[in-house]
Amino acid sequence: MAYWLLKTEPDSWSWDQQKKAGAKGEPWTGVRNTAAAKNMRAMNKGDLAFFYHTGGEKAIVGVVKIITDPYPDPEDEAWPLVDVAAVEALPKPVALAAVKAEPKLVQMTLVRNARLSVQPVSEAEWKLVRRMGGLKDK
DNA sequence: GCCAACGTTGGC
DNA sequence: GCCAACGTTGGC
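Take the first sequence: its letters are residues 1 to 138, numbered as in UniProt numbering.
Here is the structure:
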């Protein structure tokens, strides 16, 4: 089981839309960056990911589940896709500023390489951000 | 709106 | 295969 972080502009794909897609999920499209694609190819069905709103909001707002193994994008088979489904919202969204203010999270890819759109998250980071977001440990 | 950081492209 | 130029992203 691995953990990830998926970035999106709420104008193009928002948490609201992700929630409406329900348990069936939606393909996570538009990744056209080799490092991000490499991370996506390393995903497995059942992995979990944070859902991050960039742009004006800049906060981790929810948790999604990777519900397929990676498969080729029918639009362009050189790039991978996975389907993701909303799991739960964070009761208290974790802002980028809060992540940066937390010394235990300075190593997070979100801080170190803000531009990467599909990022790995360590188990320690996952648990801490969940707790900061108001979710109980599982 | 600016610009630093990063990725990609293309000439050599 | 290198690297300068260029484009894009995203935080500020």
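Beta carbons are placed, not taken as given, at the ideal position from N, Cα and C, and that holds for glycine.
Per DSSP, the bridge partner or partners of residue i
i	result
Leu81	Tyr71
Ala97	Answer is none; Ala97 lacks a bridge partner.
Extent of the continuous beta strand (DSSP E) run through residue i
i	result
Thr109	That residue, Thr109, is in no beta strand (DSSP E); its alpha helix (DSSP H) goes 109-112.
Trp4	3-8
Val63	59-66
residue 208	Here the chain covers residues 1 to 138 and nothing more, so residue 208 does not appear.
Cα-Cα separation between residue i and residue j, rounded to whole angstroms
i	j	result
Asn33	Gly22	27 angstroms
Gly102	Thr54	A small fix is needed here, since residue 102 is Glu in this sequence, not Gly. Each residue's Cα considered, the two are about 19 angstroms apart.
Arg131	Lys58	18 angstroms
Pro80	Lys100	30 angstroms
Val94	Ala2	20 angstroms
Val111	Pro120	12 angstroms
Lys104	Pro91	21 angstroms
Glu75	Leu5	23 angstroms
Val64	Pro10	15 angstroms
Lys38	Lys136	31 angstroms
Ile60	Pro70	23 angstroms
Boundaries of the alpha helix (DSSP H) in which residue i is found, first to last residue
i	result
Leu128	123-132
Thr34	34-41
Ala23	Segment: none, Ala23 is in no alpha helix (DSSP H) and carries neither H nor E.
Leu105	No alpha helix (DSSP H) contains Leu105, which DSSP labels as neither H nor E.
Buried or exposed (CB count within 10 angstroms, at least 16 for buried), residue i
i	result
Ala86	buried
Ser117	buried
Val129	buried
Ala124	exposed
Pro72	exposed
Asn44	exposed
Gly134	exposed
Ala78	exposed
Asp16	exposed
Val106	exposed
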